[in-house]
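The structure under discussion appears below in the form of structure tokens.
2 protein chains.
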Amino acid sequence: MRRSIINDPDELIPQALEGLALSHPTLLELHAEHRFLTRKEPARNKVGLVSGGGSGHEPLHAGFVGTGMLDVAVAGAVFASPTALQVLEATRAADSGRGVVQIVKNYTGDVLNFRIAGEISGDDAIETEIVLVDDDLATETEDGGGPGRRGTAATVIVEKVCGAAAEEGATLAEVAEIGRRAAASARTMSLALSAGTHPGDEEPQFTLGDDEVELGVGIHGERAAQRVPFTDADGLTDLLLGPLLAELELGHGDMVLAIVNGLGSTYPLELNVVARALHHRLGEAGIEISRSLVGPYVTSLDMHGVSITLMPLDDEMRRLWDAPVRTPALTW
Amino acid sequence: MRRSIINDPDELIPQALEGLALSHPTLLELHAEHRFLTRKEPARNKVGLVSGGGSGHEPLHAGFVGTGMLDVAVAGAVFASPTALQVLEATRAADSGRGVVQIVKNYTGDVLNFRIAGEISGDDAIETEIVLVDDDLATETEDGGGPGRRGTAATVIVEKVCGAAAEEGATLAEVAEIGRRAAASARTMSLALSAGTHPGDEEPQFTLGDDEVELGVGIHGERAAQRVPFTDADGLTDLLLGPLLAELELGHGDMVLAIVNGLGSTYPLELNVVARALHHRLGEAGIEISRSLVGPYVTSLDMHGVSITLMPLDDEMRRLWDAPVRTPALTW
Numbered sequence: 001m002r003r004s005i006i007n008d009p010d011e012l013i014p015q016a017l018e019g020l021a022l023s024h025p026t027l028l029e030l031h032a033e034h035r036f037l038t039r040k041e042p043a044r045n046k047v048g049l050v051s052g053g054g055s056g057h058e059p060l061h062a063g064f065v066g067t068g069m070l071d072v073a074v075a076g077a078v079f080a081s082p083t084a085l086q087v088l089e090a091t092r093a094a095d096s097g098r099g100v101v102q103i104v105k106n107y108t109g110d111v112l113n114f115r116i117a118g119e120i121s122g123d124d125a126i127e128t129e130i131v132l133v134d135d136d137l138a139t140e141t142e143d144g145g146g147p148g149r150r151g152t153a154a155t156v157i158v159e160k161v162c163g164a165a166a167e168e169g170a171t172l173a174e175v176a177e178i179g180r181r182a183a184a185s186a187r188t189m190s191l192a193l194s195a196g197t198h199p200g201d202e203e204p205q206f207t208l209g210d211d212e213v214e215l216g217v218g219i220h221g222e223r224a225a226q227r228v229p230f231t232d233a234d235g236l237t238d239l240l241l242g243p244l245l246a247e248l249e250l251g252h253g254d255m256v257l258a259i260v261n262g263l264g265s266t267y268p269l270e271l272n273v274v275a276r277a278l279h280h281r282l283g284e285a286g287i288e289i290s291r292s293l294v295g296p297y298v299t300s301l302d303m304h305g306v307s308i309t310l311m312p313l314d315d316e317m318r319r320l321w322d323a324p325v326r327t328p329a330l331t332w
Numbered sequence: 333m334r335r336s337i338i339n340d341p342d343e344l345i346p347q348a349l350e351g352l353a354l355s356h357p358t359l360l361e362l363h364a365e366h367r368f369l370t371r372k373e374p375a376r377n378k379v380g381l382v383s384g385g386g387s388g389h390e391p392l393h394a395g396f397v398g399t400g401m402l403d404v405a406v407a408g409a410v411f412a413s414p415t416a417l418q419v420l421e422a423t424r425a426a427d428s429g430r431g432v433v434q435i436v437k438n439y440t441g442d443v444l445n446f447r448i449a450g451e452i453s454g455d456d457a458i459e460t461e462i463v464l465v466d467d468d469l470a471t472e473t474e475d476g477g478g479p480g481r482r483g484t485a486a487t488v489i490v491e492k493v494c495g496a497a498a499e500e501g502a503t504l505a506e507v508a509e510i511g512r513r514a515a516a517s518a519r520t521m522s523l524a525l526s527a528g529t530h531p532g533d534e535e536p537q538f539t540l541g542d543d544e545v546e547l548g549v550g551i552h553g554e555r556a557a558q559r560v561p562f563t564d565a566d567g568l569t570d571l572l573l574g575p576l577l578a579e580l581e582l583g584h585g586d587m588v589l590a591i592v593n594g595l596g597s598t599y600p601l602e603l604n605v606v607a608r609a610l611h612h613r614l615g616e617a618g619i620e621i622s623r624s625l626v627g628p629y630v631t632s633l634d635m636h637g638v639s640i641t642l643m644p645l646d647d648e649m650r651r652l653w654d655a656p657v658r659t660p661a662l663t664w
């Protein structure tokens, strides 16, 4: 069993948001009523960027509020979308007169609530554009039917490059285009050795046999279509990389941005061993990891697992990725 | 049971170090033979700073190599000191002619191996000073006998302020004095709800009853003298804070640096709730948290627990803390 370090479960999200804001008093400001965080010093005369979604994926999204990235992050309950009203107020807070890009992970509730908020904010004469992140290759369907691919760790990339473009003074359409281009080219595969446990629960969301790996797991503990045999770090890396390489059609001389993302309780020794395997495997194929992040960026509570995200990197995307950023979870 | 994402356990540390270096090609350089990492661009004409110790505490120490912090970090096996020979080579690598400060967590093996390395490097005409970090209040003895307090999360503070002083051009004696002053004034208390699991093992280092909390746990899974009843986040924060406030004699108007440190699998929602409680409790006592870190900085594999470190902050320490730093795990 797992016990949680929380108070009243119903107060968890507001208390955690308050704690985050108190810990970053020069970066963040809490708007308690609608459970969103803004930059302490609001940006002026730029396209606004708002993101958000269910909690339990920290540091996503509030950890990415700050110069060069988001203006506002709005938080739902654990694994549940914020309401349309919350998103509306967050969108209003993100606007400084040049419109707002809403970065939305592709889940039904999130898409619905951001869309409603976007329509209503149009009545306030706030122009909005939705950028949908749908990088999870495990949820690709052959006919493209159904709700489509889920949004996972590529969200960090989309938030980063949109943030840089907005900071440079790009228009609403330009920022949205950059985000859509990043989302269209980034893909992720995830696996878990054990599921996360909801705050206040004592049992994980699912259990696996001693020899099983959940290949294609979701960040809300969604089960995968496949359970495959457990193997070592190099083998697990190959399980993630195979589908990614087949999909992205990368070849000799290509450069990529890679995220080796810990899903919660994966320790850094493990992530670094996967990062090493990834460098070796791609290197053997003549593909260069020219930028990377290794760490817990888009988590699923304390899930023990790892995801790999790859995005081909052209000059413009690399420039936007390299642009200065100052947020609680990403700074350079 | 917990399975690990590793290859051959005997190759874990070299592979993880290689992965870390590959992920930070502009910051870090791997010296594989003696298992240490240096800055990619060695600093010149400054006091060198070397630290290290057993692995399993990542991002400590290699995550703190870079401008404004360490020059070299040397890694032992999981929870085991690096050898004197490793430390000697790491100390040599850290020297640019103005001597080397060795930052050492107070554990018998580490102290012994750093001391031997310091003595031998004297034969190379490298002057060394050891700064011992011994912040763990749970291991305070009334008569001051025994091995003394263990070194835990205050190591990050000592590495940061010594790094800043060295970067400013302070002498060997001055950098050591800054480090000793930080170490003398910072104290930490830790608790765990469950122990970590060694890479390759399937069972955690110890188990607790459903209602028990290990208060005063060590970062190597050392059991504490006390097991206390489980309670909520505010109550757990009080358990850590009580002894710290009694020891540090903080009062109205004092300012502190605080670290709310995750021990491995504690998720950010939990750490943020503890950070909130800490702000409230200290605020009620008129004590201001003027700087803080909240996150996993000195871990114990995937232990589920949290530590709080407090250090009174004077103008000089705040200036050194605020100085620019650029490392894998700490950048501003």
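Top to bottom, those sequences are chains A and B. Note that the first sequence covers residues 1 to 332 in our numbering. Note that the second sequence covers residues 333 to 664 in our numbering. In this text, a Cβ means the ideal position worked out from N, Cα and C, and glycines have one as well.
Margin query: Please state the DSSP three-state secondary structure of V606(B).
Written below: In the three-state scheme derived from DSSP, where H, G and I count as helix and E and B as strand, V606(B) is classed as helix.
Checklist line | Contact list for the region 527–541 of chain B against chain A, Cβ threshold 7 Å | finding: Under the 7 Å Cβ criterion, the region 527–541 of chain B contributes P531.
Next item on the list: Compare the C-beta of D232(A) with all C-beta atoms of chain B and state if any pair is closer than 8 Å.
Entry: Output row for D232(A): interface = yes.
Next item on the list: With DSSP as the reference, please indicate the residues paired to A363(B) in a beta bridge.
Entry: The sequence shown places His at residue 363(B), not Ala. DSSP lists F368(B) as the beta-bridge partner residues of H363(B).
Notebook entry, point to check: Mind pulling the chain B residues with CB within less than 7 Å of P268(A)?
Noted result: Within chain B, E390 and P391 have C-beta atoms less than 7 Å from the C-beta of P268(A), given in sequence order.
Checklist line | Residue of L172(A), S265(A), L293(A) and G264(A) minimising C-alpha distance to R276(A) | finding: Closest by alpha carbon: L293(A).
Check: Would a check of beta-carbon distances place H552(B) closer than 8 Å to chain A?
Finding: It does not; no Cβ of chain A falls within 8 Å.
Next item on the list: Go through the region 64–105 of chain A residue by residue and report every complete run of the alpha helix (DSSP H) that reaches 4 residues or more, in order.
Entry: With a minimum length of 4 residues, the continuous alpha helix (DSSP H) runs that stay inside the region 64–105 of chain A are 84–94.
Note to self: With the cut-off set at 8 Å, would you say V443(B) and A422(B) are in Cβ contact?
What the structure shows: For V443(B) and A422(B), no; Cβs fall outside 8 Å.
Checklist line | Residues within the region 8–20 of chain A neighbouring chain B, beta-carbon criterion of under 7 Å | finding: Taking 7 Å as the Cβ-Cβ cut-off against chain B, the residues of the region 8–20 of chain A that qualify are L12, Q15, A16, E18, G19 and L20.
Next item on the list: Could you have a look at A192(A) and say whether DSSP puts it in helix, strand or coil?
Entry: Strand, per DSSP.
Next item on the list: Measure the CB-CB distance between I6(A) and G253(A) and report whether it falls below 8 Å.
Entry: Result no, Cβ atoms of I6(A) and G253(A) do not sit closer than 8 Å.
Checklist line | Interface flag, G596(B) vs chain A, CB-CB below 8 Å | finding: So yes, G596(B) belongs to the interface.
Notebook entry, point to check: Terminal residues of the continuous beta strand (DSSP E) containing V588(B)?
Noted result: Judged by DSSP secondary structure, V588(B) falls within the beta strand (DSSP E) whose first and last residues are M587 to G594.
Notebook entry, point to check: Helix, strand or coil for S355(B) per DSSP?
Noted result: Under the three-state reduction of DSSP, S355(B) is assigned to helix.
Item checked: G400(B) versus F114(A): straight-line alpha-carbon distance, rounded -> For G400(B) and F114(A), the distance between alpha carbons rounds to 42 Å.
Check: Contact check, V436(B) vs I462(B) under 8 Å by CB: the rounded distance?
Finding: I462(B) and V436(B) do touch by the CB rule: their CB atoms are close to 6 Å apart, below 8 Å.
Note to self: So, for V302(A): in the same chain, excluding its five sequence neighbours on each side, which residues have a beta-carbon less than 8 Å away from its beta-carbon?
What the structure shows: A quick correction: the sequence has Asp, not Val, at residue 302(A). Once the five neighbours on either side are set aside, the close Cβ partners of D302(A) are R2, G196, T197, G264 and S265.
Next item on the list: Output, in sequence order along the chain, the residues in the region 631–647 of chain B whose CB is closer than 9 Å to any CB in chain A.
Entry: Of all residues in the region 631–647 of chain B, T631, L633, D634, H636, G637 and V638 have a Cβ within less than 9 Å of some Cβ in chain A.
Note to self: Does chain B have any CB closer than 8 Å to the CB of R276(A)?
What the structure shows: Yes, R276(A) counts as interfacial toward chain B.
Item checked: Chain-ordered neighbours of V463(B) on chain A, where CB pairs are closer than 9 Å -> For V463(B), there are no neighbours in chain A by C-beta distance under 9 Å, as the nearest C-beta there is about 24 Å away.
Checklist line | Close-in-space but distant-in-sequence residues of the same chain around S334(A) (CB under 7 Å, 5 per side omitted) | finding: The first residue shown for chain A is 1 and the last is 332, placing residue 334(A) beyond what the model contains.
Next item on the list: Report all residues from its chain with a CB closer than 7 Å to the CB of P9(A); omit the five preceding and five following residues, and keep chain order.
Entry: Cβ neighbours of P9(A) within its own chain (closer than 7 Å, five residues either side excluded): P199 and G200.
Next item on the list: Determine the burial state of G637(B): buried for a count of at least 16 other Cβ atoms within 10 Å of its Cβ, exposed for fewer.
Entry: Under this definition G637(B) is a buried residue.
Item checked: Min CB distance R3(A) to chain B below 8 Å -> So, interface residue.
Checklist line | Which residues DSSP lists as bridging L547(B), in chain order | finding: Its beta-bridge partners are L523(B) and Q558(B).
Item checked: Residue span of the alpha helix (DSSP H) that contains L572(B), given as start and end -> Counted as a single uninterrupted DSSP element, the alpha helix (DSSP H) harbouring L572(B) occupies residues A565 to L580.
Checklist line | Minimum length 3: unbroken beta strand (DSSP E) runs contained in the region 130–207 of chain A | finding: 187–194, all fully within the region 130–207 of chain A.
Margin query: For a test of the three-state rule: what should DSSP assign to T108(A), helix, strand or coil?
Written below: The answer is helix: DSSP assigns T108(A) an H, G or I state.
Check: In the structure shown, what three-state DSSP assignment does G295(A) receive?
Finding: In this structure, DSSP gives G295(A) an extended state, which the three-state scheme calls strand.
Item checked: Straight-line gap, A84(A) to G118(A) (C-alpha atoms, nearest Å) -> Roughly 9 Å separates the two Cα atoms.
Checklist line | First and last residue of the uninterrupted alpha helix (DSSP H) at M303(A) | finding: Counted as a single uninterrupted DSSP element, the stretch harbouring M303(A) is not any alpha helix (DSSP H), since DSSP gives it neither H nor E.
Checklist line | Whether T128(A) touches G169(A) by CB criterion (8 Å) | finding: Cβ distance not < 8 Å, so T128(A) and G169(A) don't count as in contact.
Notebook entry, point to check: Can you tell me whether DSSP reads R658(B) as helix, strand or coil?
Noted result: If DSSP states are grouped into helix, strand and coil, R658(B) belongs with the strands.
Next item on the list: For G52(A), write down the residues that DSSP places opposite it in a beta bridge.
Entry: Beta-bridge partners of G52(A) (DSSP): V74(A).
Margin query: Can you pull the chain A neighbours of L420(B), defined as C-beta to C-beta under 8 Å?
Written below: Simply none; closest approach about 25 Å.
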